[in-house]
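Q: Sequence order for the protein chains is C and D.
Under the working numbering, the first residue of the first sequence is numbered 1, with each subsequent residue one higher.
Under the working numbering, the first residue of the second sequence is numbered 1001, with each subsequent residue one higher.
Note that the Cβ used here is the ideal one computed from N, Cα and C, for glycine as well.
I am attaching a structure below and will ask some questions about it afterwards.
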Amino acid sequence: MCLIKKISLLLMISILFSMFSGCFDRREIDELAYVMAVGLDKGKTNALRMTLQIAIPSAATGGGKENGGGEGGSESSYEITVETPTIYSGINIANTFVSRQLNLSHTKALIFSEELAREGVKPYINAITRNREFRPDMNVLVSKTSAEKFIRNVKPRLEANTARYYELTLAGFNYTGFIANTDFHKFYRQSVAIDQQPVAILAAVSSYEGSEDIKLEDSTYKDKGRDLPFEGDFKAGKIPNSGGLKAEVMGLAVFRGDKMVGELDGEEAGMYLMATGEYNYSSMTFLDPVTKNNFIVLNVKQSRMPQQRIKMEGDNPHIYTKLILEADIMSIQSGINYEKPENLSKLEEAAENSIKEGMLRYLNRTARELNSDICGFGAHLKKNFLTWQDWVKFDWPGRYKDCKFDVEVDLKIRRPGLMVRTSPPNS
Amino acid sequence: MRDIKKMLKELFLFNEPKKDDKFILKETEEEKNQIKKEEIEIKQEQQKKKRDRSVIKKLFDPNEEKYASSESKEQKTKQEDDHSQPKEYISKHLHENLDYMKKVFYVPENGDIVIREFAVTLKKDKVAEAFIILIDGMIDRTIINTNILQPLMLLSNIEIEQREDEVGEQVKKRLLPHNQLKVTTKFDEVIEEVNFGGVGLFVDGSEIAFVCDVKGWEHRGIERPNTEIIIRGPQEGFNEVLRCNTALVRKILKDEDLVAENASLGRRSKTPCSILYIKDIANDDLVKEVKRRIKSIKTDYVIDSGMLEQYLEDHTFLPAPQIIATERPDRVAAALTEGKVAVIMHGSPFALIMPATNYDLMHSAEDAFLRFPYTNFLRTIRIVAIFMSLLLPGLYVAITNYHHEMIPTDLLLAIEAAREKVPFPSVVEILIMEFSFELIREAGIRIPGPIGPTLGIIGALILGQAAVAANIVSPILIIIVAVTGIGSFAIPNYSLAIAFRILRFVYIFLGAISGFLGITTGLFIQGLWLTSAKSFGVPFLAPFAPRTKGGFADELTRAPIWKQETRPDYLNTKDLKKQPKISREWTQAEEKTKKQNEENKNADNSKE
């Protein structure tokens, strides 16, 4: 009797399972189409023009059995574009002509066009936040060319799988320092916060067809008072390169609230990372402090989080930042023996000054020109207020433009690389 | 005309089939009567129950007593029937005994019963008739010839000065130079011994019979254990002979406190078995409980300890076994030193160790013999293997059906591409593969030796290649099934491995119904089930649920051997400590020990 009771109980439980939770949302993997990237432009006939990049699994995993490797022509993804009033109605439309149900749970990138970003992205990010299919760790990009054009130009050469392209390219800031981690969760939080403003990765399609087309227009080197552009003095779309992928990312799009207000170039993106403590390592170019026309390359690491203090001087906030960096010598073109202890401090000082200059330029630009506290200094100031209402009344975003900045850089050169001493060439 | 009509009739109409003269096993009258009786009993019980329900009715029910009295009457008559047949005590007259023994052993229908009649010289002119009875093949012939027949028939003629008056005494004291001699007055004991390889001796004029233990049947020698193969450690396994097995244990545990109590199982089979425990370690209540359970078993035949295990275990429906069956004397010895009780049964090479906890089932016999880092590594692998063999297919189904966002995009696309041409849902796919794997495993045991490798080839081809080439299953699934299968082989306990093989299907089902929710619920229910179970009064998940001391010393992981100072807490042994805190005295500095010695000496001197 007891056994029958137990069995019937188990049966009841299992029936309840299927009745209540059931398998209503059961989808086989091969019943779904996975969207790798979503691009949003201003529509011609409707509010939005949405581009979806959909993975082709058989191609993404090395083609069918017969071909083996990914032959030319078998692309790992394809793009569709729909004109639609909202994101979800667009997905509905797309579902009518894509044979499998679209699934956004593996979307790696959300790309806004610059036009749309400058108008404000609030309506779209709200909709995306609400849906659990979107991953909070997908990156937010702003494309200087149309998002559709950018996505259609993402045809990775190295990766068989487009998703992997996004994952690797957008994690490149770890060793370039030219973009930043702009995951959606962070972007959304900052877009509604008072103490920090969001940024998005700046993306574009390269404007150069071949090596002969490369020009220096739109490079920011002249504004910085340099004779030649350094590696960071470019923005996406104008990177002097050819032969690579047409789609490229460099620099950041600066937002105030949900509206884009300006752009940062690669070097400034590096400064952004240093100021927020997310800088990992990358090589930086400096002018030789002695000869003034040779380059020195250091591999700079951020060894500790930046120390930041903020004080109110009357009505103007005064922000003090100390960067603690380490560096390895990569190249000394002049052949001067900087590895000697007495020379080393000269080199350190030069690098410190150069970084300090760049940092001050960057901070002043965010305050005066862009008027957007993307580094999150507000968070340091917030603790001085007793109540939230006081803090809101203080109007930090409005006051950021009056900030004064003080920067101190502490850079220590640790290792000279494999070459212990520079021997000047006999001449 | 008529012929045609007849032929048509035969062709198209129903004809009674010719009666075959084949053998039909008919129900006997007795069986019919018994069934009727049982039916009546069941009815009565039901009526009784009905009556039980209403107390007031019961008070006024006149039938109550009638039923009771009729039952007892029936029983009485039954008992009388049973006892009218067998004789209890041995008669003084030899021919009566002979007739009775012939009747009991169905001579001459029984071909292997040997009755040898002869004469024993008791005094100069006094000769007594005698006979021995034995079962051919179960005895040692030379012992009977030289130690029993020879002295009785030949040496009794030798002149000896002292002669006993009584026939039985004379035989016992002077004529039978056999070491294991039992004197009895009851037929039952003689019959029992003869059944178990003894020889019964009846002498005319004596009311006692002699039973000599001359067991000498053919049996397997001591071989390597087949199921619990280890690399490091003793390589002896039990065989089917009880005394041989107990001796194997005693050989390892040279301890006079080791007790091997006798018991017999089965009303008809009367299988002897030994209950082994160490008197001053094992908890008395535990020993008592084991003995109580074994003695209370009422059945006709118990053939293997596998049957005994089923009679003894606490929970019939619990997926995990609650008694460890082992082929290894060293494992039994180790368990006895911990304070457990072992039962060895005649005819079974598997000894039972009880109580068993969940963690004992994950141990291999080798664990104690390996250095402790190796053991911990192997145990970790085993635990992972257990979880894999239980959950992996279920998790695969859950992830591919519900939780696509959980896996890396590359893997997702790889699974999708692999499943592209597969026509079935992933549940069906995995069930097909699991079923065919179980099929190969089951067939592999039964397949005759020489054909064995063929099965391997067919299995590998079907599972590994053809199924994928035919697009019936995806290659990723093959990996899942293979890993699961290998995982289940890594479980050291055979019964537990089977349990998890069954539960695996439950988890596939749960994963398919409601993804991780289902699997979590399954784990929860299984957890409750195991936590509530007990094996001989010990909670099944001890020492972790409930928490007792020393869970990490030897249950889940293993501490270095010098740190294992206590016996398992949950066994409540009489002697708690296995070894003192400092078991390796050489680690103490020499001076210290010297000092201690001197102090001891001084103390002794001062006492004097």
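Measuring CA to CA, which of C/G266, C/R304 and C/I332 is closest to C/T291?
A: One-based indexing of the first sequence puts residue 291 of chain C at position 291. Ranking the options by Cα distance to C/T291, first place goes to C/I332.
Q: Run through DSSP, which three-state label would D/A1542 get?
A: Locating residue 1542 of chain D in the second sequence gives position 542, counting from the first residue. The answer is coil: DSSP assigns D/A1542 none of H, G, I, E or B.
Q: Pick helix, strand or coil for D/P1151, following the three-state DSSP scheme.
A: Reading the second sequence from its first residue, position 151 is the one you call residue 1151 of chain D. DSSP places D/P1151 in helix when its eight states are reduced to three.
Q: Please identify the residue among C/I4, C/I7, C/S14 and C/A204 whose C-alpha is closest to the C-alpha of D/A1512.
A: The sequence position of residue 1512 of chain D within the second sequence is 512, counting from 1. Nearest C-alpha to D/A1512: C/S14.
Q: Cα-Cα, which of D/I1278, D/L1556 and D/Y1311 is closest to D/F1372?
A: Looking up residue 1372 of chain D in the second sequence gives position 372. Nearest C-alpha to D/F1372: D/L1556.
Q: When the Cα atoms are used, what is the spatial distance from D/G1394 to C/V38?
A: Stepping through the second sequence from its first residue, residue 1394 of chain D is reached at position 394. Stepping through the first sequence from its first residue, residue 38 of chain C is reached at position 38. Computed Cα separation, rounded: 33 Å.
Q: Taking the alpha carbon of D/G1200 as the point to measure from, which residue in D/G1487, D/Y1277, D/L1439 and D/V1114 has its own alpha carbon closest?
A: Taking the second sequence and counting its residues from 1, one reaches residue 1200 of chain D at position 200. For D/G1200, the nearest C-alpha among the options comes from D/V1114.
Q: Helix, strand or coil: how does DSSP classify C/I374 here?
A: The residue you call residue 374 of chain C lines up with position 374 of the first sequence. Of the three classes helix, strand and coil, the one that applies to C/I374 here is coil, per DSSP.
Q: Which residues bound the alpha helix (DSSP H) around C/V249?
A: The count along the first sequence starts at 1 and reaches residue 249 of chain C at position 249. That residue, C/V249, is in no alpha helix (DSSP H); its beta strand (DSSP E) goes A247 to R256.
Q: CA-CA distance, C/S8 and C/L16?
A: In the first sequence, counting from the first residue as 1, residue 8 of chain C sits at position 8. In the first sequence, counting from the first residue as 1, residue 16 of chain C sits at position 16. Rounded to the nearest angstrom, the two C-alpha atoms are 12 Å apart.
Q: Which complete beta strand (DSSP E) runs does the region 56-138 of chain C hold, if anything under 3 residues is left out?
A: Complete beta strand (DSSP E) runs here, min 3: 77-84, 101-103 and 109-113.
Q: Less than 6 Å between the CB of C/S331 and some heavy atom of the ligand ATP, yes or no?
A: Summarising the ligand content, the structure contains no ligands, and the ligand ATP is consequently not present.
Q: For the region 1290-1315 of chain D, list the alpha helix (DSSP H) runs that are entirely contained and at least 4 residues long, ordered along the chain.
A: For the region 1290-1315 of chain D, whole alpha helix (DSSP H) runs of length 4 or above, ordered along the chain, are 1305-1312.
Q: Output, in chain order, the set of chain D residues within a Cβ distance shorter than 8 Å of C/N161.
A: Position 161 of the first sequence, counting from 1, holds the residue named residue 161 of chain C. Near C/N161 (Cβ distances below 8 Å), the residues of chain D are T1409, D1410 and L1413.
Q: Cβ closer than 8 Å: which chain D residues qualify as neighbours of C/Y78?
A: As a first step, residue 78 of chain C must be located in the first sequence, where it is residue number 78. Near C/Y78 there are no residues of chain D at all, since even the closest Cβ is about 14 Å away, more than 8 Å.
Q: Can you find a C-beta in chain D that's less than 7 Å from the C-beta of C/I91?
A: One-based indexing of the first sequence puts residue 91 of chain C at position 91. Chain D contact via Cβ: absent.
Q: Just curious, the alpha helix (DSSP H) that D/K1246 is in, first and last residue?
A: As a first step, residue 1246 of chain D must be located in the second sequence, where it is residue number 246. In the sequence on display, residue 1246 of chain D carries Thr and not Lys. Note, D/T1246: alpha helix (DSSP H), L1242 to I1252.
Q: Does any C-beta atom of chain D lie closer than 7 Å to the C-beta of C/H106?
A: Indexing the first sequence from 1 puts residue 106 of chain C at position 106. Closer than 7 Å to some Cβ of chain D, the Cβ of C/H106 qualifies, so yes.
Q: So, does the CB of C/R26 fall closer than 7 Å to a CB anywhere in chain D?
A: Position 26 of the first sequence holds residue 26 of chain C. Yes, C/R26 lies at the interface with chain D (some Cβ there is under 7 Å from its Cβ).
Q: Could you name the residues of the same chain whose beta carbon sits closer than 7 Å to that of C/T107, not counting the 5 residues immediately before and after it, in chain order?
A: The residue you call residue 107 of chain C lines up with position 107 of the first sequence. Excluding positions up to five away in sequence, the list reads V35, M36, A37, V38, F134, R135 and M138.
Q: Taking Cβ-Cβ distances shorter than 7 Å, what residues in chain D pair up with C/I29?
A: Here residue 29 of chain C corresponds to residue number 29 of the first sequence, with the count starting at 1. Those are T1400, H1404, L1412, I1415, E1416 and R1419, listed as they occur along chain D.
Q: Can you list, in chain order, the residues of its chain with a C-beta nearer than 7 Å to that of D/V1397? Leave out the 5 residues immediately preceding and following it.
A: Locating residue 1397 of chain D in the second sequence gives position 397, where the first residue counts as 1. Once the five neighbours on either side are set aside, the close Cβ partners of D/V1397 are S1426, V1427, I1430, I1508, G1511 and A1512.
Q: Look at the Cβ atom of C/A269, then the Cβ atom of C/L252, and state whether they are nearer than 7 Å.
A: Along the first sequence, read from residue 1 onward, the residue named residue 269 of chain C stands at position 269. Along the first sequence, read from residue 1 onward, the residue named residue 252 of chain C stands at position 252. Cβ atoms of C/A269 and C/L252: closer than 7 Å.
Q: Check the Cβ of D/P1425 against every Cβ in chain C and list those closer than 7 Å, keeping chain order.
A: Start at 1 with the first residue of the second sequence, and residue 1425 of chain D comes out as number 425. Per Cβ cutoff of 7 Å: E28.
Q: For a cutoff of 7 Å on Cβ pairs, would you count C/P289 as touching chain D?
A: Reading the first sequence from its first residue, position 289 is the one you call residue 289 of chain C. Chain D, which has no Cβ nearer than 7 Å to the Cβ of C/P289, makes this no.
Q: Can you list, in chain order, the residues of its chain whose CB lies under 7 Å from that of D/E1565, leaving out five sequence neighbours each side?
A: Position 565 of the second sequence, counted from the first residue, corresponds to residue 1565 of chain D. So the qualifying residues of the chain are K1577, K1578, Q1579 and K1581.
Q: Give me the Cα-Cα distance between C/D315 and C/G378, rounded to the nearest whole angstrom.
A: As a first step, residue 315 of chain C must be located in the first sequence, where it is residue number 315. As a first step, residue 378 of chain C must be located in the first sequence, where it is residue number 378. Using only the alpha carbons, I get a separation of about 15 Å.
Q: Just grab the DSSP bridge partners of C/S283 for me.
A: Position 283 of the first sequence, counted from the start, is the residue given in the question as residue 283 of chain C. In DSSP, C/S283 forms a bridge with C/N299.
Q: Runs of 3 residues minimum, wholly inside the region 1342-1404 of chain D: which ones carry the beta strand (DSSP E) assignment?
A: Taking only runs of at least 3 residues, the beta strand (DSSP E) segments lying wholly in the region 1342-1404 of chain D are 1351-1354.
Q: Check whether the Cβ of C/P136 lies closer than 7 Å to any Cβ atom in chain D.
A: To locate residue 136 of chain C, count along the first sequence from 1; it is residue 136. It does not; no Cβ of chain D falls within 7 Å.
Q: Starting from D/T1521, follow the alpha helix (DSSP H) in both directions and report where the run begins and ends.
A: Your numbering for residue 1521 of chain D matches position 521 in the second sequence. Note, D/T1521: alpha helix (DSSP H), Y1494 to S1532.
Q: Just the Cα atoms here: how many angstroms apart are C/P229 and C/Q190?
A: Here residue 229 of chain C corresponds to residue number 229 of the first sequence, with the count starting at 1. Here residue 190 of chain C corresponds to residue number 190 of the first sequence, with the count starting at 1. If I take the Cα positions, the gap works out to 32 Å.
Q: Enumerate in chain order the residues of its own chain whose CB-to-CB distance from D/E1338 is below 7 Å, with the five nearest sequence positions on each side excluded.
A: The residue labelled residue 1338 of chain D in the question sits at position 338 within the second sequence. Cβ neighbours of D/E1338 beyond the five flanking positions: R1567, P1568 and L1571.
Q: Indicate whether C/G225 and C/M250 have their beta-carbon atoms separated by less than 7 Å.
A: As a first step, residue 225 of chain C must be located in the first sequence, where it is residue number 225. As a first step, residue 250 of chain C must be located in the first sequence, where it is residue number 250. Not a contact, by the Cβ cut-off of 7 Å.
Q: Assign C/F255 to buried or exposed, taking buried as 16 or more other Cβ atoms, counted over all protein chains shown, within 10 Å of its Cβ.
A: One-based indexing of the first sequence puts residue 255 of chain C at position 255. Label assigned to C/F255: buried.
Q: Please state whether the Cβ-Cβ distance between D/Y1277 and D/V1341 is less than 7 Å.
A: On the second sequence, residue 1277 of chain D is found 277 positions in, with the first residue counted as 1. On the second sequence, residue 1341 of chain D is found 341 positions in, with the first residue counted as 1. It is a contact, given that the beta carbons lie within the stated cut-off.
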